[in-house]
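>
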Amino acid sequence: MQLRSATPLPFTCWLGVGVLQGLMVPFQLWASSHLVNAVQTRMDGQDANPWWWALAMASALAGGRLLAPMKNWSEAAIYERGLPAVEGRLLARATEVDLALLEYQAFYEVTRRIAEQADQSLKGVLKAFNELIGNSIPLLGAVLIIAHIDWLLVLALFLPLLPLLAEALRQGGFVWEALHQQTRDRRIAHYIASRFSDRQSAKEIRLFGLADELIGRWETHFMATRKEMRGKVTRASLRLQLGGTFSDIFSYGVLIWVITSGFVETNAADITVLMGAFMTIGNLSFNLQQAILDIGKYSGFASDVRMFLALPAVFATDKVTSLSERLLTPIVLEHVNFTYPGTTTKVIDDLSLTIPPGQTLAIVGENGAGKTTLLKLILGLYRPDSGRILLGDRDIQDIPVAERQALMAAVFQTFSRYPESMIENITMPRNRDDVELNRVIQEADLGHMVEDAPEGLKTILSPDLGGIDLSGGQWQRIAIARAGYRNATILALDEPTAALDPLAEVDIFKRFAQISSDRTTILISHRLGMTRLADRIVVLEHGKITEDGSHNELMRNTAHYAELWEMQSRWYR
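Residue numbers (this note's numbering): 8 to 580.
#1: If distances are taken between C-alpha atoms only, which option among Met77, Ile263 and Glu554 comes closest to Leu368?
#2: Rounded to a whole number of angstroms, what is the C-alpha to C-alpha distance between Tyr389 and Val442?
#3: Look at Leu571 and Leu535 and say whether their C-beta atoms are less than 8 Å apart.
#4: I want to know whether the region 460-468 touches the region 304-313 - three or more CB-CB distances under 8 Å.
#5: Run through DSSP, which three-state label would Ala200 get?
#6: Count the other CB atoms, across all protein chains shown, that sit within 10 Å of the CB of Asp219; report buried if there are 16 or more and exposed otherwise.
#7: Kindly list the residues whose CB is nearer than 7 Å to the CB of Cys20, restricted to its own chain and excluding five residues on each side of it in sequence; keep chain order.
#8: Taking the C-alpha atoms as reference points, what is the distance between Gly394 and Leu171?
#9: Going along the chain, which residues of its own chain have a beta-carbon closer than 6 Å to the beta-carbon of Gly387, five neighbours each way excluded?
#10: Express the C-alpha separation of Gln127 and Asp192 in angstroms, rounding to a whole number.
#11: Which residue from Ala490, Glu94 and Trp59 puts its Cα closest to that of Val312?
#12: What does a CB cutoff of less than 7 Å around Ala541 pick up in its chain, not counting 5 residues either side in sequence?
#13: Is it buried or exposed, Asn56, if we count other Cβ atoms within 10 angstroms and call 16 or more buried?
#14: Roughly how many angstroms separate the alpha carbons of Phe189 and Thr350, rounded to a whole number?
#15: Does the separation of the CB atoms of Thr287 and Leu36 fall below 8 Å?
#16: Keeping to the same chain, check which residues put their C-beta closer than 6 Å to that of Leu330; ignore five residues upstream and five downstream.
#17: So, for Val327: in the same chain, excluding its five sequence neighbours on each side, which residues have a beta-carbon less than 8 Å away from its beta-carbon?
#18: Helix, strand or coil: which one does DSSP assign to Ile475?
#19: What whole-angstrom Cβ distance do Leu468 and Met415 have, given they're in contact under 8 Å?
#20: Go to Glu211, then tell me how far its beta strand (DSSP E) extends in each direction, as first and last residue.
#21: Looking only at DSSP bridge pairs, what is Glu341 linked to?
#22: Is the Cβ-Cβ distance between Val545 and Leu360 less than 8 Å?
#23: Relative to the alpha-carbon of Gly23, which residue among Ala45, Trp482, Trp60 and Gly71 has its alpha-carbon at the smallest distance?
#24: Distance check for Thr496 and Arg446, CA to CA, integer angstroms please.
#25: Going by beta carbon distance, what residues of the same chain come within less than 6 Å of Glu110, once the five residues before and after it are set aside?
#26: Across which residues does DSSP place Ala125 in a beta bridge pair?
#27: Inspect the beta-carbon positions of Leu295 and Ser423 and report whether they are closer than 8 Å.
#28: Any idea what DSSP makes of Ile531, helix, strand or coil?
#29: How is Glu548 classed by DSSP in three states: helix, strand or coil?
#30: Roughly how many angstroms separate the alpha carbons of Asp405 and Arg11, rounded to a whole number?
#31: According to DSSP, Lys353 sits in a beta bridge with which residue or residues?
#32: Could you say which of Gly479, Pro364, Arg246 and Val280 lies nearest to Ile421 if we only look at CA atoms?
#33: Is the CB-CB distance between Thr14 and Ile121 below 8 Å?
#34: Determine the extent of the alpha helix (DSSP H) in which Asp441 is found, giving its start and end residues.
#35: Figure out for me which residue from Leu27, Ala113, Ile515 and Lys130 has the closest Cα to the Cα of Ala309.
#36: Excluding the 5 residues preceding and the 5 following Ile152 in the sequence, name in chain order all residues of the same chain whose CB lies nearer than 8 Å to its CB.
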């Protein structure tokens, strides 16, 4: 459906040409029968003109050749416009489904298969249906011509053919099952191979002498996929070839018996047609088996795609908007519970919390306490299993996605580093606003970096594309400027400084605090140095809030926060 809607004219042309090309074969058989009859009649001294039938056959051959360029054009147009449209729809849906599903391994495997095999599989499906149309139509036409002579011949022809077609579909399913099971091995092999051309990995490969070890592991995973697939394909081919050989022997045996026994009355024209039809059907049936095998092979991909597209589009939006003014409202969590798909352990357990408008809140806790999960719930990226999250008096899930995107911005621990220009890394997808851009550049301390860059803000931030490479701290500032550039009410910083030294971390938090002034701000870190910048601190343990207060209040309580503070402060004494 997506192919047809994206390329209506090429798709219609492709389908129509395929049907016409398929009709050429039975037309030629029919014309050859009349040609033989006309020649025989003329040889018997009767009036007949075989030239018309010869002209008809020549016209069919010429028509087939003239249709070929149209077929090539329509296929090229579908490949160039239709397949990207389908892949684009899949990419769009990947941004619309529930984010928590990506944490579920089985669903993640499906998304990786779709992403890695979309182009190849879509082309394979198109080719398989092209072969199906191109062989089934002439096959049916040849069958009708044979049926005109005697229906018993059709029965004799199709008795061995139908099980072969069913077996081809079954074998195709086995091939897909093998592809399905090899998803992990293929990904590992691809990842290892990519390390050899990766700038960062190249240093360690040379320094630690990892080449032989990595090549060995790549070969293990690569050959594991190839060996099993080779076995599946060989078995499928052997079964179909043996079945096809039996079918041909049976069919030609029936044909010889019909001709020699006189069981069916035939003349020279009928024998000519039968010989041509049986030879044609043998070739067509073999091609049809291969097409059906490929359809079976790609049916699993189609099932993955149907399942993927049928998922609720909880993040669907027409466009990202911006707010004309910041609307500060409290954030209220009421008895929120959350469990990741495919698991049973509560990551957030009956948590209630109110964040007043304009407050800077620090959420701290040890690794695995649920800090990042809680933030994603607050930002509306995850949906709670039970309980409510309110912005003012509105449930966050009732707020349109575009409005939510305009209300919130964040710098995550693993933020995106786009191989685009510096300005696009900051402003995308909003339109350029020079006043806002200059403000965030100053507040994020990017001025010197912009001045030193070869092309200023237009410099590409990727050495692979001829641009420059940035340090971790420089990328942190780019990410902070990106968050600050949006006129968001709520800003969050989620441990993006884990790889930085403590002084650099504090500097990043200060820059973020400057950008987030007059907004509701959420800071997350397992290091506690940044908590001095917060108005309020909550301590998270096993998905529950165990402490809540200012830094001084929590230090006086001498509970877990004070213990963590004393322990971490010893590192710097």
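Backbone N, C-alpha and C fix where the C-beta goes; we use that ideal spot for every residue, glycine too.
All figures in this text were calculated on a predicted structure; none of them were measured in a lab.
The relevant details are as follows:
#1: Out of Met77, Ile263 and Glu554, the CA that lies nearest to the CA of Leu368 is found in Glu554.
#2: C-alpha of Tyr389 to C-alpha of Val442: approximately 34 Å in a straight line.
#3: A Cβ-Cβ contact shorter than 8 Å links Leu571 with Leu535.
#4: Flag = no, the region 460-468 and the region 304-313 do not touch.
#5: Here Ala200 sits in helix by DSSP.
#6: It is exposed - the Cβ of Asp219 has fewer than 16 other Cβ atoms within 10 Å.
#7: Only Met77 and Ser81 meet the Cβ criterion.
#8: Rounded to whole angstroms, Gly394 to Leu171 spans 56 Å at the Cα level.
#9: Here the set comprises Ile403 and Arg411.
#10: Rounded to whole angstroms, Asp192 to Gln127 spans 18 Å at the Cα level.
#11: Selected option, being the one with the closest Cα: Glu94.
#12: Excluding residues up to 5 positions away in sequence, Thr367, Leu368, Ala369 and Leu530 lie with their Cβ nearer than 7 Å to the Cβ of Ala541 in the same chain.
#13: Exposed: under 16 other Cβ atoms inside 10 Å.
#14: As written in the sequence, residue 189 is Gln, which differs from the Phe given in the question. Near 24 Å, if we compare the C-alpha coordinates of Thr350 and Gln189.
#15: The Cβ atoms of Thr287 and Leu36 sit closer than 8 Å to each other.
#16: At Leu330 the pLDDT is 49, less than 50, meaning the model places this residue with poor confidence and gives no usable figure here.
#17: Caution applies to Val327, whose pLDDT of 47 falls short of 50 and renders its modelled position unreliable; the model cannot decide the point.
#18: In the structure shown, Ile475 sits in coil (DSSP, three-state: anything other than H, G, I, E or B).
#19: Their Cβ separation, rounded to whole angstroms, is 24 Å, which puts Leu468 and Met415 out of contact at 8 Å.
#20: Note, Glu211: premise wrong, no beta strand (DSSP E); alpha helix (DSSP H) at Arg206 to Leu214.
#21: Answer is Arg395, bridged to Glu341.
#22: Yes, the Cβ-Cβ distance between Val545 and Leu360 is below 8 Å.
#23: Looking at the Cα atoms, Gly71 is the closest of the given residues.
#24: Cα to Cα, the separation comes out at about 17 Å.
#25: Same-chain partners within the cutoff: Tyr347.
#26: Within the DSSP secondary-structure output, Ala125 pairs in no beta bridge.
#27: With respect to the 8 Å criterion, Leu295 and Ser423 are not classified as neighbours on the basis of their beta carbons.
#28: In the three-state reduction of the DSSP assignment, Ile531 falls in the strand class, which pools E and B.
#29: In this structure, DSSP gives Glu548 an extended state, which the three-state scheme calls strand.
#30: It is roughly 35 Å from the alpha-carbon of Asp405 to the alpha-carbon of Arg11.
#31: In DSSP, Lys353 forms a bridge with Thr346.
#32: Residue identity differs from the one stated: residue 421 is Thr in this sequence, not Ile. Of the listed residues, the one whose Cα sits closest to Thr421 is Gly479.
#33: Not closer than 8 Å, so no.
#34: Asp441 to Glu450 is the extent of the alpha helix (DSSP H) around Asp441.
#35: It is Lys130.
#36: Excluding positions up to five away in sequence, the list reads Pro33, Leu36, Trp37, Ser40, Val280 and Ala284.
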